[in-house]
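In my numbering, the protein residues as written are 7 to 154. By construction, the Cβ of each residue, glycine as well, lies at the ideal position given by its N, Cα and C atoms. Here is the structure we will look at.
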Amino acid sequence: MVETTRLQKLYEQDLVAWCDDTAAKLKAGNFDEIDLDHLIEEIEGLAGRDRRELKSRIRVLLTHLLKRTYVKSPDNYRGWEITIREQRQQLRDLLEQSPSLQNEVTAIFPKCWNEALATVKEDFPGAEFPHEWIFSRDMDALLQEKLW
């Protein structure tokens, strides 16, 4: 009981120290000394973090693809293209590290699209944007095709 209380306190006060302690216990095979509830919470949190990152990067990519494709502002093209390349590379890295995230793209795409569209409409009220994404939703296409 004292060990459980100490682990809970460590988790609440110093997450890095708790992680180091937990990793050491796992390596040593001391499984009965592990703060299992918080370990489960942290593992679930990692998956959630990756899902949030996927959604955020797709939203940023769509926003910049919309700007580069539909906003007539040559002075901004280079910056938008740099952001597009960076988001594409980060998405490739994320999907390489966690290929199962590929299965989530179809489900999150509509929300990412709507948020990206709302952003560009607010930022560029004079520009005309399509009401629906007219290009391929295939992730390989999103990560490679030049749409402008």
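With distances taken between CA atoms, P131 lies nearest to K78 out of Q96, K78 and A53.
The C-beta distance from V126 to T69 rounds to 6 angstroms, short enough to meet the 8 angstroms contact threshold. When rounded, the separation of the alpha-carbon atoms in I90 and R12 is 47 angstroms.
Our two residues, F115 and V66, have alpha carbons roughly 12 angstroms apart in a direct line. Taken atom to atom, the span from the alpha-carbon of L153 to that of R58 is near 25 angstroms.
Rounded to the nearest angstrom, the gap between the Cα atoms of C118 and A124 is 10 angstroms. Sorting R74, Q95 and R94 by C-alpha distance to the C-alpha of G85 places R74 at the top. Between Q93 and L101 the beta-carbon gap is near 12 angstroms, outside 8 angstroms, which marks them as no contact.
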